[in-house]
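Protein chains in written order, with my numbering: chain A, 12 to 173; chain B, 12 to 173; chain C, 12 to 173; chain D, 12 to 173.
Where is the CB? At the ideal position from N, CA and C, for every residue including glycine.
There are 4 protein chains.
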Amino acid sequence: MSIKIIVTGGTFDKEYNELNGELFFRKTHLQEMLALGRSRMKIRIKTLMMIDSLVMTDAHRRKILKECLAAGEHSVVITHGTDTMAETAKMLGPKVRNKTVVLTGAMVPYRFGSSDGMFNLGSAVSFAQTLPPGVYIAMNGRYFSWYNVRKNKTKGEFEEVK
Amino acid sequence: MSIKIIVTGGTFDKEYNELNGELFFRKTHLQEMLALGRSRMKIRIKTLMMIDSLVMTDAHRRKILKECLAAGEHSVVITHGTDTMAETAKMLGPKVRNKTVVLTGAMVPYRFGSSDGMFNLGSAVSFAQTLPPGVYIAMNGRYFSWYNVRKNKTKGEFEEVK
Amino acid sequence: MSIKIIVTGGTFDKEYNELNGELFFRKTHLQEMLALGRSRMKIRIKTLMMIDSLVMTDAHRRKILKECLAAGEHSVVITHGTDTMAETAKMLGPKVRNKTVVLTGAMVPYRFGSSDGMFNLGSAVSFAQTLPPGVYIAMNGRYFSWYNVRKNKTKGEFEEVK
Amino acid sequence: MSIKIIVTGGTFDKEYNELNGELFFRKTHLQEMLALGRSRMKIRIKTLMMIDSLVMTDAHRRKILKECLAAGEHSVVITHGTDTMAETAKMLGPKVRNKTVVLTGAMVPYRFGSSDGMFNLGSAVSFAQTLPPGVYIAMNGRYFSWYNVRKNKTKGEFEEVK
Numbered sequence: 012m013s014i015k016i017i018v019t020g021g022t023f024d025k026e027y028n029e030l031n032g033e034l035f036f037r038k039t040h041l042q043e044m045l046a047l048g049r050s051r052m053k054i055r056i057k058t059l060m061m062i063d064s065l066v067m068t069d070a071h072r073r074k075i076l077k078e079c080l081a082a083g084e085h086s087v088v089i090t091h092g093t094d095t096m097a098e099t100a101k102m103l104g105p106k107v108r109n110k111t112v113v114l115t116g117a118m119v120p121y122r123f124g125s126s127d128g129m130f131n132l133g134s135a136v137s138f139a140q141t142l143p144p145g146v147y148i149a150m151n152g153r154y155f156s157w158y159n160v161r162k163n164k165t166k167g168e169f170e171e172v173k
Numbered sequence: 012m013s014i015k016i017i018v019t020g021g022t023f024d025k026e027y028n029e030l031n032g033e034l035f036f037r038k039t040h041l042q043e044m045l046a047l048g049r050s051r052m053k054i055r056i057k058t059l060m061m062i063d064s065l066v067m068t069d070a071h072r073r074k075i076l077k078e079c080l081a082a083g084e085h086s087v088v089i090t091h092g093t094d095t096m097a098e099t100a101k102m103l104g105p106k107v108r109n110k111t112v113v114l115t116g117a118m119v120p121y122r123f124g125s126s127d128g129m130f131n132l133g134s135a136v137s138f139a140q141t142l143p144p145g146v147y148i149a150m151n152g153r154y155f156s157w158y159n160v161r162k163n164k165t166k167g168e169f170e171e172v173k
Numbered sequence: 012m013s014i015k016i017i018v019t020g021g022t023f024d025k026e027y028n029e030l031n032g033e034l035f036f037r038k039t040h041l042q043e044m045l046a047l048g049r050s051r052m053k054i055r056i057k058t059l060m061m062i063d064s065l066v067m068t069d070a071h072r073r074k075i076l077k078e079c080l081a082a083g084e085h086s087v088v089i090t091h092g093t094d095t096m097a098e099t100a101k102m103l104g105p106k107v108r109n110k111t112v113v114l115t116g117a118m119v120p121y122r123f124g125s126s127d128g129m130f131n132l133g134s135a136v137s138f139a140q141t142l143p144p145g146v147y148i149a150m151n152g153r154y155f156s157w158y159n160v161r162k163n164k165t166k167g168e169f170e171e172v173k
Numbered sequence: 012m013s014i015k016i017i018v019t020g021g022t023f024d025k026e027y028n029e030l031n032g033e034l035f036f037r038k039t040h041l042q043e044m045l046a047l048g049r050s051r052m053k054i055r056i057k058t059l060m061m062i063d064s065l066v067m068t069d070a071h072r073r074k075i076l077k078e079c080l081a082a083g084e085h086s087v088v089i090t091h092g093t094d095t096m097a098e099t100a101k102m103l104g105p106k107v108r109n110k111t112v113v114l115t116g117a118m119v120p121y122r123f124g125s126s127d128g129m130f131n132l133g134s135a136v137s138f139a140q141t142l143p144p145g146v147y148i149a150m151n152g153r154y155f156s157w158y159n160v161r162k163n164k165t166k167g168e169f170e171e172v173k
């Protein structure tokens, strides 16, 4: 089974600029993370954008949708900032057919050591292989359907709406 | 959905004894790993044994089987040394009914930083929630059925037998 | 020999707030860092302030000076943000007598794993034990006298002025 | 000021072989450690041997002595296993003139994350720049003269003999 990973940025890939003390994007750490996880899956990684999900616009989301639809793989994982991950899922949900699309992200940058990124990545690629076609979010070891999920910003975790 | 995690030891939980330079077991790191992964699942952890899988006997495997059968949860994850993980899966496979049991482990101890443990744990709990009843191994981002898996000891990865 | 460590904040002690993605101060990591370094020195730690050195005022520096002068120990280490470390050293230099005072800091937060903090801390406590009385900066494995040091903000390293 | 670092192996440089679960030596991590510490010193690194200090013989020690005496630098750091570090110091002590030689090591391999190696390395290069000529051990944030030091193997720390 092969999986396509679409990289959009988010906390996952943020780095610390030691010259000015700010967080920034350089390049994705997905290859490095999959190697660290001793992944032996057939995976294609496409870096579509490298942005904070708070600045994501409808145009960005249309680009993500287009990339999902164009994927030859049945299983698609999208790395995404957590702040608007649920919005992107809601936009993709009604439009994706015959594919299992799983959005995931991290609360702490992979580079900062105490990251939940490795756990979430292992979770997302696994759900992408086994869940029925549809659009999902994989966070906190759980999966959520696109039409019933939100980020609880006080707790920093995902939950069902009802 | 709730998950039971049965801890048996393995590389996952090995630590470095700085007084004599040897690897040893103290206690499981599962709680710490789940916290790091910001897991919000309902999970019960049972430390059944803390051993290297090379010293695992039939008696140990019967104990693991008994614990699987007794679990009230539908989803069960077993942490296990990789060397004889396939043997334990083969023993459990024909005897477990109506449950999804996923064995997982690590090539490098969690404590040593460069571990594949977080990735595998995220993968195992996800497969345990979505695969149909049966016994599986989750390693390298993939899952394998109990009757068709072996560890390739030269490559340090799992593969199908045929 | 006993050492006093005066904590003022700086990159050393910054943490990542996973709820809003910003860097902030909680409490000092000095105890944890010394424990990780298996330090067996007699050390007293005093958290004087927890601020970014860019917001440090003359009033803050007078407070640091007062704490230095009041210290019963001959060896004093000050953890400090790197941006204005040289300014603080210049203010302390002419006023400290009969003590070896060493300022140090980090380019990357200790919490972010890839830190230079452990190296600099090991360096600073060592220079504090062996250099003659005076005020110094310990960074990049080197020491600099208070009257001849500046941070090269382009390179992110310390250098002599002439 | 320039420093010569003589690498002899020890826990410092041990790695975990994930295929057989054993610790082994590959190559030294000194360059990587100095880079992580943002070291800007003039340093020459010479890998003389890569062995556990428990297997170190008189012949090995003579080789280390020869390398110390041949060094053009006034400051020399030797990375060494902790178990027989004091023995090597005692052999070098009476024979080294006009140089400051500092032996250091680690209780936990650098690769295992929780290492004291970065702290000890920062400490050793600093003592090597400031202590008067002689042979010393730098461990636990302290320095010890060659004729008055032993490893307390129960506590895993260095101490004065009397």
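Backbone CA spacing between D/T165 and A/A149 [nearest angstrom]: 47 Å
Is the beta carbon of B/L65 sitting closer than 7 Å to the one on B/D24? No; because the gap between Cβ atoms is not below 7 Å, this pair is not in contact.
Could you tell me how far apart the beta carbons of C/I54 and C/V18 are, in whole angstroms, since I believe they sit closer than 8 Å? Incorrect: roughly 12 Å between the Cβ atoms, too far for contact.
If you draw a straight line from the C-alpha of A/L34 to the C-alpha of A/Y27, how long is it? 5 Å
Continuous alpha helix (DSSP H) assignments of at least 4 residues falling wholly in the stretch 102 to 133 of chain B: none
In angstroms with no decimal places, state the Cα-to-Cα distance between D/G116 and A/P143. 54 Å
In the structure shown, what three-state DSSP assignment does A/R49 receive? coil
Cβ of B/G167 less than 7 Å from any chain D Cβ? yes
7 Å Cβ cutoff, A/E26 in contact with chain C: Not closer than 7 Å to any Cβ of chain C, the Cβ of A/E26 fails to qualify, so no.
Would you please state the rounded distance, in angstroms, between the beta carbons of B/L41 and B/T111? I believe it to be under 8 Å. That belief does not hold up - the Cβ atoms of B/L41 and B/T111 are roughly 18 Å apart, past 8 Å.
Roughly how many whole angstroms lie between the Cα atoms of A/L103 and A/A135? 17 Å
Endpoints, alpha helix (DSSP H) assigned at A/L76: 69 to 81
Could you check where the beta strand (DSSP E) with D/Y154 kicks off and where it finishes? 153 to 156
Indicate the three-state DSSP secondary structure (helix, strand or coil) for C/L34 in the structure shown. It is a strand residue.
Would you mind giving the Cβ-Cβ distance between A/R49 and B/M118, rounded to the nearest angstrom? I have them listed as a contact below 8 Å. Contact between A/R49 and B/M118 holds: CB atoms are separated by about 6 Å, below the 8 Å threshold.
Secondary structure of B/M150, DSSP reduced to three states: strand
Alpha-carbon spacing of A/F138 relative to C/L76, whole angstroms: Those two C-alpha atoms are separated by around 58 Å.
With H, G and I counted as helix, E and B as strand and the rest as coil, what does DSSP make of B/T19? strand
Can you give me, in chain order, the residues of the stretch 38 to 70 of chain C that have a beta carbon less than 7 Å from any beta carbon in chain D? L47, G48, R49, S50, R51, M52
Residue nearest to D/R73 in terms of C-alpha spacing, selected from D/A100, D/G124, D/M12, D/R51: D/A100
Nearest chain D C-beta to B/V136 closer than 7 Å, yes or no? no
Count the other CB atoms within 10 Å of the CB of A/A46; is the residue buried (16 or more) or exposed (fewer)? exposed
Are any of the Cβ atoms in chain C nearer than 7 Å to that of A/G124? yes
Contact criterion: CB-CB distance below 7 Å. Does B/E29 meet it with respect to chain D? yes
Is there a Cβ of chain C sitting closer than 7 Å to that of A/K102, yes or no? It is worth fixing the name first, because residue 102 of chain A is Met in this sequence and not Lys. The C-beta of A/M102 comes no closer than 7 Å to any C-beta of chain C.
State buried or exposed for C/S13, treating a residue as buried only when at least 16 other CB atoms are found within 10 Å of its CB. So C/S13 counts as exposed.
By the criterion of Cβ-Cβ separation under 8 Å, what are the contact partners of B/K162 in chain D? Simply none; closest approach about 11 Å.
Given a threshold of 16 other Cβ atoms within 10 Å of its Cβ, counted over all protein chains shown, does D/L114 qualify as buried or as exposed? buried
Given C/Y147 as reference, the closest of C/F36, C/V87, C/A81 once Cα atoms are compared: C/V87
Output, in sequence order along the chain, the residues in the stretch 112 to 123 of chain C whose CB is closer than 8 Å to any CB in chain A. Listed by position along the chain: M118, V119, P120, R122, F123.
Taking A/N131 and B/G133 to be in contact with their CB atoms under 8 Å, please state how far apart those CB atoms are, rounded to whole angstroms. 6 Å
Closest residue to A/R122 among A/G21, A/K15, A/I16 (Cα-Cα distance): A/G21
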